[in-house]
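See structure below.
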Amino acid sequence: MNNYSIYQPAVKPLSEEQIAQYFCEGYLVASGLVPPEAVEKVLAPIKTIEPSGNRWTPKIFLHEKPTLDAEFHQLLIEPRIVGAAEQIFELPARVYYGMVAVVPAGGGHGLPWHQDNQYHQILGGALNMFVALCDITPDKAILWVAPKSHLGGVQPSKQNETTAIGHREALVEPENGVPLPAMKTGDVCIFDRSFYHRSLQNHTNEHRYAYAAQYQADNARLADNGEKDARKMRVSELQEIWNNSES
0 MNNYSIYQPA
10 VKPLSEEQIA
20 QYFCEGYLVA
30 SGLVPPEAVE
40 KVLAPIKTIE
50 PSGNRWTPKI
60 FLHEKPTLDA
70 EFHQLLIEPR
80 IVGAAEQIFE
90 LPARVYYGMV
100 AVVPAGGGHG
110 LPWHQDNQYH
120 QILGGALNMF
130 VALCDITPDK
140 AILWVAPKSH
150 LGGVQPSKQN
160 ETTAIGHREA
170 LVEPENGVPL
180 PAMKTGDVCI
190 FDRSFYHRSL
200 QNHTNEHRYA
210 YAAQYQADNA
220 RLADNGEKDA
230 RKMRVSELQE
240 IWNNSES
């Protein structure tokens, strides 16, 4: 008798067809995944961020200071976001990274082609969720994707300081890159850490607001030493930290 059992997240917003697409194509778009009230909660403080010239401007979650700027990063514990990650992992999720990404109006630059695993490679389940915090049209630094590019593994990259300090850029661009259709506020593109993606310029007269919520599976390991990254907390642990800071 097989006693194998699959971890069951508390919230399961994805269909089996969506999960299958994620593994086959390297990405999926979940329309309306994030509820309007969750977007509104973070968008008010995020709109106070002043972009740096025409550069892509981030606000990064710091594991060593989890209560710092917590108002920007509440989507990291949003149940539907976490549930989607845990459906894909079939394991509890650990918070790997969180980042507000503002692309300035009037020609602000997004980021060139890259893979998240070109920064730090994670072995095992690990993904990124690009959350649209405003309606994002093709001329508003829409996300570009390269279907099935995750199947090639981590590719060579170089440092690029032109659009963002510390950014990585692919040495060889994928040949099959396509822009996503226009995204509505609350839509989410979920993709593997070895998946190629980019964004171009924002030619509109409004800033483009998005959030990158990145997670790793509870059993994931670091490629450089084969160990688990003890610095990356479970979602429930971050929730408890924020709850205690408010009390």
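Just so we're aligned: 155 in numbering that gives the first Met the number 0 is position 156 of the sequence shown, and the numbers increase by one with no gaps anywhere. Positions of the beta carbon are idealized from the N, C-alpha and C atoms, including for glycine. Since the structure is predicted, the reported quantities are computational estimates derived from the model, not experimental observations.
Exercise for the section: Could you give the DSSP three-state label for Glu39: helix, strand or coil? Expected result: Of the three classes helix, strand and coil, the one that applies to Glu39 here is helix, per DSSP.
Practice task
Using 10 angstroms around the beta-carbon of Met0, count the other beta-carbons present and answer buried if the total reaches 16, otherwise exposed.
Solution key: The predicted model places Met0 with a pLDDT of 46, which falls under 50 and marks its position as unreliable, so this point remains unresolved.
Exercise for the section: Rounded to whole angstroms, what's the CA-CA distance from Val10 to Ala83? Just pull it up for me. Expected result: Computed Cα separation, rounded: 8 angstroms.
Problem - Nonlocal neighbours in the same chain, by C-beta distance under 6 angstroms from Gly107, ignoring five residues either side - result: Excluding residues within five positions, the ones whose Cβ falls inside 6 angstroms are Asn53, Asn201.
Exercise for the section: Can you grab the Cα-Cα spacing for the pair Leu199 / Pro35, in whole Å? Expected result: Just so you know, the alpha carbons of Leu199 and Pro35 end up roughly 26 angstroms apart.
Practice task
Go through its chain and collect everything with a Cβ distance to Leu13's Cβ below 6 angstroms, but skip five positions before and after it.
Solution key: Contacts found: Ala83, Gln86.
Handout entry: Trp143 in three-state terms, based on DSSP
Key = Three-state DSSP puts Trp143 in a strand.
Handout entry: Terminal residues of the beta strand (DSSP E) in which Arg197 lies
Key = Residues 196–198.
Problem - Any 3 or more C-beta pairs closer than 8 angstroms across the stretch 231–240 and the stretch 166–185 - result: Taking a cut-off of 8 angstroms on C-beta distances, the stretch 231–240 does not touch the stretch 166–185, as fewer than three cross pairs fall below it.
Problem - Between the CA atoms of Leu90 and Gln17 - distance to the nearest angstrom - result: Approximately 17 angstroms, taken between the alpha carbons.
Practice task
Assuming Pro50 contacts Val94 (C-beta within less than 8 angstroms), just tell me the rounded distance between them.
Solution key: No, Pro50 and Val94 are not in contact; Cβ-Cβ is about 25 angstroms, not under 8 angstroms.
Problem - Sequence-distant residues of its chain with Cβ nearer than 6 angstroms to Leu42 (five each side left out) - result: Result list for Leu42: Leu132, in chain order.
Exercise for the section: Give the straight-line distance between the Cα atoms of Met128 and Gly105, rounded to the nearest whole angstrom. Expected result: Looking at the backbone, the Cα of Met128 and that of Gly105 are separated by about 26 angstroms.
Handout entry: Beta carbon of Asn116 nearer than 7 angstroms to that of Ser193
Key = Yes, they are a contact pair.
Practice task
Tell me whether the beta-carbon of Ala37 lies closer than 7 angstroms to the beta-carbon of Val187.
Solution key: Contact: no.
Problem - the stretch 132–145 touching the stretch 201–210, judged by at least three CB pairs closer than 8 angstroms - result: Three or more pairs of CB atoms, one per stretch, sit closer than 8 angstroms, so the stretch 132–145 contacts the stretch 201–210.
Exercise for the section: From the DSSP output, in three-state form, read off Gly151 for me. Expected result: Looking at Gly151 - three-state DSSP - the assignment turns out to be helix.
Problem - Coarse secondary structure for Val33, derived from DSSP in three states - result: The DSSP-derived three-state label of Val33 is coil.
Practice task
Run the CB neighbour count on Ser4, radius 10 Å, all protein chains shown included, and call it buried at 16 or more, exposed below.
Solution key: It is exposed - the Cβ of Ser4 has fewer than 16 other Cβ atoms within 10 Å.
Exercise for the section: Go ahead and pull the three-state DSSP assignment for Gln114. Expected result: Looking at Gln114 - three-state DSSP - the assignment turns out to be coil, as it is neither helix nor strand.
Exercise for the section: Identify, in the order they occur along the chain, each residue of the same chain with its Cβ nearer than 8 angstroms to the Cβ of Gly123, setting aside the five sequence neighbours on each side. Expected result: Excluding sequence neighbours, Gly123 sits near Gln215, Ala216, Asn218, Ala219, Arg220.
Practice task
Can you tell me the Cβ-Cβ gap for Met98 and Ala169, rounded? I've got them flagged as a contact below 8 angstroms.
Solution key: In fact, because the Cβ distance is near 19 angstroms, the residues do not count as touching under 8 angstroms.
Problem - Coarse secondary structure for Ser156, derived from DSSP in three states - result: Note: Ser156 maps to strand in three-state DSSP.
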